[in-house]
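The structure appears right after this line, and notes come after that.
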Amino acid sequence: MVILPDGGERYLSTPLFTPPKKTEEKKKQLWLFNTRSKKKEVFTPQKEGQVTFYSCGPTAFEVANLALCRRFIVSDLITRTLEAKGLAVDAYMNFTDLDDNTIAGAEKAGKPLREYTEGFIAGFMEDMETLGVKRAKGYPKASENVQAMIGIARELMDKGYAYEKHGSIYFDISKFKKYGRLSGIDLSKIQLGKTVDLDDYEKDNPRDFTLLKRSTLGELKKGIFFESEWGNVRPSWHVECSAMATRNLGPTMDIHTASRNLLFPHHENEIAIAEALTGKPLANYWLHSELVLVDGKNMSSDAGNNVTLKELLRRGYTGREVRFMLLSVHYRKPLDFSYRRLDTARTALRRLDEFTCKLNCLPPGGRPHPEVTAFVTAMEEQFFAAMDDDLNVSKGMGAIYNFLRKVYPVLQVNNLDRDQRSYILETLGRMNTILNIFHLQGCPLAPDVNALIQRREQARLAKDWQAADEARAELARKGIVVIDTVNGPVWKRVRDAE
RNA sequence: GGCGGCGUAGCCAAGAGGCUAAGGCAGUGGUCUGCAAAACCAUUAUUCAUCGGUUCGAUUCCGAUCGCCGCCUCCA
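The number in the working numbering is simply the position in the first sequence, starting from 1, with 164 added.
Dropping the structure here:
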């Protein structure tokens, strides 16, 4: 329930506050696009009030690029939206620290595997922090769950879903009838060997995938191997995710998410492994975010058009600006990255900051505006309705900008009282639990800064422009910009650290 | 070849069978201002890739065409 600063008598009679109960309930449901059904579905967790959530994590062998960042910002968006609805989210995200890439990378870097991957994991966590991504409950690592993976292979062998060949264990796709349902792939029409050098494998059927890979000589020498009844092996990516997801969240999780490019074959294989064992769906809702492009082409290190978050930070952009840019396109649409786009996000964000800053700096003594409270309520309603509609951030931002346009002129002439001001800030705060892009904290005036601002004001009153400009220059040296408004000066930091 | 997706103003981006096709950025005009910077206000698509069809009515549904993107069991 909304707390109305003036007691709300005036507004309680408006239609905003008297919607029929039923439609209100209906509106509050969260609709998510489920890849499995290719439709928006009402989200209902298995256990009331609780959500189990798994997100395919990064491989610890390269610095996170924007495509990866987007994936986790979307997963953060989902988590935060669920939490804003009062649900407790059990979120897990894995680290793939044991696979061809990490082993090859460590080899090339001349480092022990663990030391090599730990470096990337630490860098990744740093990136998530700068992007304002909430921490998951757990971050399982593939290398620390190998016994469970070997156990899965054993069980699949027992159930007749897997076979051994030359020391490697493969999953027999022909035994799993539901294979391909999530991605809608028709195995008989697939072009074999399109991206795989089939000569490297000894599978019965090229469509089968690896569960455990026989260790190579090089791996044995480095101690990267795990003993099993079939000899020394290491697990494949697919069995890793399957094991870590079910181990932490049970046979069926509410939501499994990652980006589109993992849909096939990875998620299909993950499902085959898990469901062959349990007979239960691996996840009730599959959510896939779209890719990040550069000039219309998929961003990847292979394509040579990689842009990392760290590179953007080096260029002076903030994590917040990157987050805002990545958030501003619907998650199921590709996002074409460009610096122009990032600059646009920066400008838009600056305008939002300007608003909250002015709101915070507003001198007391304003008079209540008759319509503002209704504007705020409308914005909040529209915003959360947009989020409930498959996380439509663009639409939600539209509600915010519309609000801004109505309220700015009011703010401009200080026609807001204290209660209205805090009502706006509280509402933005609620929306910010999802967006995490607003700067809502007040402008605490450091005494020396305050003194300078006062000195400048005195000088301006006395029309001593030279002294006024000196004070402004002094403030600039401290990284403070003063903006003169009809309500007096407003100040802000040139660059907010975050 | 198979599967999936996209094409809305200079750029970005929502939308949905019929109410003025949200909003952002840039542009233009104005207000404010000692200067400066910023900000605020106003304004910018007879039209939604093209061509057909369904319909009283489609940009929204269906079909075709053109263009672009992703995936097709290396790895992630």
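Glycine is no exception: its CB is placed at the ideal position from the N, C-alpha and C atoms. Just so you know, these numbers come straight off a predicted model, no measurement behind them.
Open item on the list: Along the chain, where does the alpha helix (DSSP H) containing Ile419 start, and where does it finish?
Closed with: Working through the first sequence from its first residue, we reach residue 419 at position 255. It is not in any alpha helix (DSSP H) - Ile419 instead sits in the beta strand (DSSP E) that spans Met417 to Ser423.
Open item on the list: Can you list, in chain order, the residues of its chain with a C-beta nearer than 6 Å to that of Ala306? Leave out the 5 residues immediately preceding and following it.
Closed with: Taking the first residue of the first sequence as 1, we reach residue 306 at position 142. So the list reads Thr260, Asp261, Leu262 and Glu404, once near-sequence residues are dropped.
Task: Leu351, enclosing beta strand (DSSP E) - first and last residue - done: As a first step, residue 351 is located in the first sequence; it is residue number 187 there, counting from the start. Unbroken run through Leu351: none, as it is neither H nor E.
- [ ] Give me the Cα-Cα distance between Lys444 and Gly414, rounded to the nearest whole angstrom.
- [x] In the first sequence, residue 444 corresponds to position 280, counting from 1. In the first sequence, residue 414 corresponds to position 250, counting from 1. Rounded to whole angstroms, Lys444 to Gly414 spans 10 Å at the Cα level.
TODO: Within its chain, find whatever has a CB closer than 6 Å to the CB of Glu383; leave out the 5 residues flanking it on each side and keep chain order.
DONE: By one-based count along the first sequence, residue 383 stands at place 219. So the qualifying residues of the chain are Phe389.
TODO: Give a yes or no on whether the C-beta atoms belonging to Lys298 and Thr243 are separated by under 8 Å.
DONE: Position 134 of the first sequence, counting from 1, holds the residue named residue 298. Position 79 of the first sequence, counting from 1, holds the residue named residue 243. It is a contact, given that the beta carbons lie within the stated cut-off.
Task: Inter-residue Cα distance where the pair is Phe548 and Asn433 - done: For this step, residue 548 is matched to residue 384 along the first sequence. For this step, residue 433 is matched to residue 269 along the first sequence. If you take the alpha carbons of Phe548 and Asn433, they lie about 36 Å apart.
Task: Own chain, CB closer than 7 Å to Asn462, minus 5 neighbours either side, in chain order - done: As a first step, residue 462 must be located in the first sequence, where it is residue number 298. Answer for Asn462: Leu455, listed in chain order.
Open item on the list: Taking its Cβ as the centre, do 16 or more other Cβ atoms sit within 10 Å of Thr450, making it buried, or is it exposed?
Closed with: The sequence position of residue 450 within the first sequence is 286, counting from 1. It should be pointed out that residue 450 corresponds to Trp in this sequence rather than to Thr. So Trp450 counts as buried.
TODO: Within the same chain, show all residues whose beta-carbon is closer than 6 Å to that of Glu188, passing over the 5 residues directly before and after it, in chain order.
DONE: Reading the first sequence from its first residue, position 24 is the one you call residue 188. Any reading at Glu188 must be qualified, since the residue scores a pLDDT of 43, below 50, and its modelled position is unreliable; the value itself is stated next. Once the five neighbours on either side are set aside, Glu188 has no close Cβ partner at all.
- [ ] Could you tell me which residues DSSP pairs with Leu506 in its beta bridges?
- [x] The residue labelled residue 506 in the question sits at position 342 within the first sequence. According to DSSP, which records beta bridges pairwise, Leu506 is partnered with nothing at all.
TODO: Could you pull out every unbroken alpha helix (DSSP H) segment of at least 4 residues lying fully inside the segment 421–488, listed in chain order?
DONE: 432–442 and 473–478
Task: Every unbroken alpha helix (DSSP H) within the segment 300–330, with a cutoff of 4 residues, ordered by chain - done: 310–322
Open item on the list: What ranges does the alpha helix (DSSP H) occupy inside the segment 575–661, keeping only unbroken runs of at least 4 residues that lie completely in it?
Closed with: 582–599, 611–625 and 629–641
Open item on the list: At the level of alpha carbons, what is the spacing between Leu180 and Glu293?
Closed with: The count along the first sequence starts at 1 and reaches residue 180 at position 16. The count along the first sequence starts at 1 and reaches residue 293 at position 129. Confidence at Leu180 is low in this model, with a pLDDT of 37, below 50, so its placement is unreliable and no value can be given for it.
Open item on the list: Assuming the contact rule is C-beta atoms closer than 8 Å, Thr520 and Leu592 should be a hit. Round their C-beta distance to whole Å, please.
Closed with: Counting from one through the first sequence, the residue named residue 520 turns up at place 356. Counting from one through the first sequence, the residue named residue 592 turns up at place 428. Correct: roughly 7 Å between the Cβ atoms.
Open item on the list: Per the DSSP calculation, Ala255 is bridged to which residue(s)?
Closed with: Here residue 255 refers to the residue found at position 91 of the first sequence. According to DSSP, which records beta bridges pairwise, Ala255 is partnered with Phe217.
Open item on the list: Considering only the alpha carbon of each residue, which of Asp264, Asp372 and Leu320 lies closest to Asp336?
Closed with: For the purposes of this step, residue 336 is taken as residue 172 along the first sequence, with counting starting at 1. Nearest C-alpha to Asp336: Asp372.
Task: DSSP three-state assignment for Ile333, whether helix, strand or coil - done: The residue given as residue 333 occupies position 169 in the first sequence. Three-state DSSP puts Ile333 in a strand.
- [ ] Please go through the same chain and pick out, in chain order, the residues whose beta-carbon is closer than 8 Å to the beta-carbon of Val613, but skip the five residues on each side of it.
- [x] The residue you call residue 613 lines up with position 449 of the first sequence. Excluding its 5 nearest sequence neighbours in each direction, Val613 has C-beta neighbours in its own chain below 8 Å: Leu639, Lys642, Ile644 and Trp655, listed in chain order.
TODO: Flag this pair as yes or no: are the beta carbons of Phe501 and Val458 separated by less than 8 Å?
DONE: Within the first sequence, numbered from 1, the residue matching residue 501 stands at position 337. Within the first sequence, numbered from 1, the residue matching residue 458 stands at position 294. Contact flag set, yes.
- [ ] Using a threshold of 8 Å, state whether the C-beta atoms of Leu194 and Lys275 are closer than that.
- [x] Reading the first sequence from its first residue, position 30 is the one you call residue 194. Reading the first sequence from its first residue, position 111 is the one you call residue 275. Contact flag unset, no.
Task: Sub-8 Å separation of Leu473 and Val486 beta-carbons - done: Along the first sequence, read from residue 1 onward, the residue named residue 473 stands at position 309. Along the first sequence, read from residue 1 onward, the residue named residue 486 stands at position 322. Yes, the pair counts as a contact, with Cβ atoms nearer than the cut-off.
Open item on the list: Cutting at 6 Å between CB atoms, please list the residues of its own chain near Gly296, excluding the five before and the five after it.
Closed with: The residue given as residue 296 occupies position 132 in the first sequence. Within the same chain, Gly296 has close Cβ partners Arg487 and Asn600.
- [ ] Taking the CB atoms as reference points, tell me whether Ala422 and His402 lie closer together than 8 Å.
- [x] Reading the first sequence from its first residue, position 258 is the one you call residue 422. Reading the first sequence from its first residue, position 238 is the one you call residue 402. Result no, Cβ atoms of Ala422 and His402 do not sit closer than 8 Å.
Task: Rounded C-alpha distance that separates Lys729 from Leu506 - done: Given that the chain is displayed from residue 165 to residue 662, the structure contains no residue 729 and the question cannot be resolved.
Task: Distance between Arg479 and Ala623 (C-alpha atoms, nearest Å) - done: Here residue 623 refers to the residue found at position 459 when the first sequence is read from its first residue. Here residue 479 refers to the residue found at position 315 when the first sequence is read from its first residue. Rounded to the nearest angstrom, the two C-alpha atoms are 38 Å apart.
- [ ] Flag this pair as yes or no: are the beta carbons of Asn470 and Asn229 separated by less than 8 Å?
- [x] Within the first sequence, numbered from 1, the residue matching residue 470 stands at position 306. Within the first sequence, numbered from 1, the residue matching residue 229 stands at position 65. In this structure, Asn229 lies closer than 8 Å to Asn470 by Cβ.
Task: Exposure label - Lys190; buried when at least 16 CB within 10 Å - done: Locating residue 190 in the first sequence gives position 26, counting from the first residue. Because the pLDDT at Lys190 is just 47, under 50, the model does not fix this residue reliably, and the point stays unresolved.
Task: Neighbourhood of Met561 by C-beta, 8 Å cutoff - its chain only, sequence neighbours within 5 removed - done: As a first step, residue 561 must be located in the first sequence, where it is residue number 397. Ser492, listed in sequence order.
TODO: Under the assumption that Ala231 contacts Ser464 (Cβ atoms under 8 Å), give the Cβ distance between them as a whole number of angstroms.
DONE: Within the first sequence, numbered from 1, the residue matching residue 231 stands at position 67. Within the first sequence, numbered from 1, the residue matching residue 464 stands at position 300. So it is a contact: roughly 7 Å between Cβ atoms.
Open item on the list: When you compare the CB positions of Leu446 and Ala438, do they come within less than 8 Å of one another, or not?
Closed with: As a first step, residue 446 is located in the first sequence; it is residue number 282 there, counting from the start. As a first step, residue 438 is located in the first sequence; it is residue number 274 there, counting from the start. A contact, by the Cβ cut-off of 8 Å.
Open item on the list: Is Asp264 a contact residue of the ligand MG, with contact defined as CB to any heavy atom under 7 Å?
Closed with: Annotation note on the ligand MG: not contained in the displayed structure, which lists no ligands.
Open item on the list: When you compare the segment 327–345 with the segment 385–399, are there three or more beta-carbon pairs, one atom per stretch, that lie closer than 8 Å?
Closed with: yes
Task: Continuous beta strand (DSSP E) stretch holding Phe197: start and end - done: For this step, residue 197 is matched to residue 33 along the first sequence. Residues Trp195 to Asn198.
Task: Buried/exposed call for Arg594, threshold 16 Cβ in 10 Å - done: In the first sequence, the residue the question calls residue 594 occupies position 430. The residue is exposed, with fewer than 16 neighbouring Cβ atoms inside 10 Å.
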